[in-house]
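Chains as they are written, first to last, in the working numbering: chain A, 1001 to 1426; chain B, 24 to 298.
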């Protein structure tokens, strides 16, 4: 009897740790990079990570930006949410207000020591005594043009608003529009409007005390200038999103566009010459070289409240930010996603991609433009939760529509825009 | 009364206008899906393709989960249509034939459910389904689709039952047929065109449903065409060829369903309209 009992006991002793520790920790990543080639690239990295970390299993579930604002809170409230979720700065406050986020300040400090984050990307998630997401990649709006078209028209790259308008006017000829600018009540228009505002001295939406300062002469001047440029934009631009603007440029119907990138479409659909593609900083009001642009520091939020899942998520993020992996992660869409770390910006894995090599000059310019990246409502540490509602309602774009579509005077529209922001902030 | 030449010309012009209005976008999408990318985005669009390629379809089916989305949509829409019919036929017949208290009131009340904006109930339904373990299941979509298609289906079918001459039904009942037998043997065969119309209505409604499918389904492998496809085409960068190929393929099952039972559909609509 004794031997079988001992064997049973010994067996059970062995079995307990096996059940407690051998089962891999499953973590789910939700991201909004749905095009198949991006999903494939992320899966490739996940597979490598899972193979190197048999105690962790990461899986991905691509989601859509269109629904995530409603879907993520609902899923988290019912316990069906992910462990990691990609974010942009104005999405994070929504989940933070729900109590779904725990500060990752210590983790970001650790990663910063290893990789050196671009400061503005961390700042976008730093408020209320915490850091609420880990920056992953940057997207900045730039001015894209064709060098040959500029040469043919005898114009140089504009640096001031006056030059920009003159260039658009010159390029508007023979069925071509000088400047493709959107005026839709949509995020793309928010981005282009703010990129003009930020170069006209109107980068701050808030005063330091949290009151709104949208209604000021600089903002009015920016809207006035933007409206004057609409004369050189296609008539359907009032319903444009990113795709239409990019197609307008790719087909050479637009002389210039403001975009995060046009490289992929220019290369694959327009079969353009890399040497002919020009990119520049967005012109400033007075022609100074203090150019700025809108920058979206995309990041990942850690949502799991369980230690094991949280640690597993951190391990995966560490893996992604390692220079040998990070470039491959960014190049899921070559030319669109820019590094947020110093070692990432020098990583061979980033620069070795064939498309990145072909468009190296343009990408270096995009990275340089991103150094002075700003995002409305997330500047100078003046971050207030109401910005999420203002952003979700596209108030910057709505104000532009009042000017462009409803023929309202810019000053009147900006005053109405601030009133709308105040309503949404209540 | 003989129509004048002017009338005929005006009718033909009017007809041509509406055919072009409906047909041209379809032609644009389908023909564009076979063009090379450069031609798709050309500054001057071409009505007839100057190039031909399968590359967009090849990319769509080989490098995306479009096939999975298609199968999911067929499963959800097919089952939603069948369940809608199974519930709407007896309910429509009951509203037509059975005498019960508040029949007319209930008949009008159920239509209110059809007029209810789905977005209003989205989050409460999500919470309920999460408690029932139905989130991220195709069953959740089927339940929602049936719930939203059922009121209009019942309303339509009652009209179709009402178009059957009363004498035919009475003759069957005099022969001793109980209501269910009369329904199965007499009424259903006679209202087959109407049932086909309701089936197509339920199928197409489910096929194009986006709001619930986008929120209730969490995993990629269970997505339906409208939601899965919107992700494939991208946000910042649009692959126009992929978009056109996906849109062309997405309408194919609906075209096939119409081709198979379309004649019944038209007959059914006419019979339902003229009592």
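Quick reminder that beta carbons are idealized off the backbone N, C-alpha and C, glycines included.
Because the structure is a prediction, the values reported are computed rather than measured.
Closer than 8 Å to chain A by CB, residue i
i, result
"residue 254 (chain B)", "yes"
"residue 144 (chain B)", "no"
"residue 260 (chain B)", "yes"
"residue 248 (chain B)", "no"
"residue 238 (chain B)", "yes"
"residue 202 (chain B)", "no"
"residue 42 (chain B)", "no"
"residue 61 (chain B)", "yes"
From the options, residue whose alpha carbon lies closest to that of residue i
i, options, result
"residue 1117 (chain A)", "A:1297, A:1231, A:1288", "A:1297"
"residue 1384 (chain A)", "A:1045, A:1159, A:1094", "A:1094"
"residue 1369 (chain A)", "A:1423, A:1419, A:1295", "A:1295"
"residue 1038 (chain A)", "B:234, B:86, B:272", "B:86"
"residue 1105 (chain A)", "A:1113, A:1131, A:1119, A:1178", "A:1131"
"residue 67 (chain B)", "A:1023, A:1176, A:1291", "A:1176"
"residue 1390 (chain A)", "A:1406, A:1411, A:1245, A:1185", "A:1185"
"residue 1140 (chain A)", "A:1424, A:1262, A:1320", "A:1262"
"residue 109 (chain B)", "B:170, B:197, B:121, B:55", "B:170"
"residue 1044 (chain A)", "A:1411, A:1245, A:1059", "A:1059"
"residue 1088 (chain A)", "A:1218, A:1123, A:1078", "A:1123"
"residue 230 (chain B)", "B:79, B:181, B:282, B:97", "B:97"
"residue 266 (chain B)", "A:1024, A:1035, A:1023, A:1025", "A:1035"
"residue 1127 (chain A)", "A:1402, A:1411, A:1379, A:1072", "A:1379"
"residue 1110 (chain A)", "A:1121, A:1096, A:1134", "A:1134"
"residue 277 (chain B)", "B:209, B:63, B:248", "B:248"
Distance between residue j and residue i (C-alpha atoms, nearest Å)
i, j, result
"residue 127 (chain B)", "residue 201 (chain B)", "23 Å"
"residue 1417 (chain A)", "residue 1393 (chain A)", "11 Å"
"residue 185 (chain B)", "residue 257 (chain B)", "49 Å"
"residue 246 (chain B)", "residue 104 (chain B)", "18 Å"
"residue 132 (chain B)", "residue 117 (chain B)", "15 Å"
"residue 1152 (chain A)", "residue 1269 (chain A)", "23 Å"
"residue 47 (chain B)", "residue 274 (chain B)", "15 Å"
"residue 1206 (chain A)", "residue 1395 (chain A)", "14 Å"
"residue 140 (chain B)", "residue 1074 (chain A)", "19 Å"
"residue 1011 (chain A)", "residue 1138 (chain A)", "Annotation note: pLDDT 45 at residue 1011 (chain A) (below 50); position unreliable, no value reported."
"residue 1228 (chain A)", "residue 49 (chain B)", "37 Å"
"residue 1277 (chain A)", "residue 1178 (chain A)", "16 Å"
"residue 83 (chain B)", "residue 1246 (chain A)", "21 Å"
Cβ-based neighbour list, residue i, same chain, cut-off 7 Å, excluding 5 preceding and 5 following
i, result
"residue 1158 (chain A)", "1164, 1167, 1283"
"residue 1021 (chain A)", "Low local confidence applies: a pLDDT of 42 at residue 1021 (chain A) is under 50, so the model's placement there is unreliable, with the coordinate-based value given in what follows. Cβ neighbours of residue 1021 (chain A) beyond the five flanking positions: none."
"residue 270 (chain B)", "52"
"residue 1065 (chain A)", "1032"
"residue 280 (chain B)", "223, 226"
"residue 1072 (chain A)", "1081, 1085, 1095"
CB contact check: residue i to chain B, cutoff 8 Å
i, result
"residue 1071 (chain A)", "yes"
"residue 1037 (chain A)", "yes"
"residue 1250 (chain A)", "yes"
"residue 1099 (chain A)", "no"
"residue 1260 (chain A)", "yes"
"residue 1080 (chain A)", "yes"
"residue 1269 (chain A)", "yes"
"residue 1192 (chain A)", "no"
"residue 1062 (chain A)", "yes"
"residue 1243 (chain A)", "yes"
"residue 1265 (chain A)", "yes"
Contacts around residue i, its chain only, beta-carbon distance under 8 Å, and the 5 residues preceding and following it disregarded
i, result
"residue 1083 (chain A)", "1027, 1028, 1029, 1302, 1303, 1304, 1309, 1310, 1312, 1313"
"residue 149 (chain B)", "158, 238, 239"
"residue 80 (chain B)", "56, 268, 272"
"residue 1213 (chain A)", "1204, 1205, 1206, 1207"
Identity of the residues DSSP links to residue i by a beta bridge
i, result
"residue 1134 (chain A)", "A:1300"
"residue 1029 (chain A)", "A:1060, A:1084"
"residue 1259 (chain A)", "A:1142"
"residue 1160 (chain A)", "A:1284"
"residue 1295 (chain A)", "A:1140"
"residue 1279 (chain A)", "A:1144"
"residue 1341 (chain A)", "A:1117"
"residue 1173 (chain A)", "A:1176"
"residue 1126 (chain A)", "A:1131"
Residues near residue i in its chain [Cβ-Cβ closer than 6 Å; skip 5 each side]
i, result
"residue 76 (chain B)", "59"
"residue 167 (chain B)", "235"
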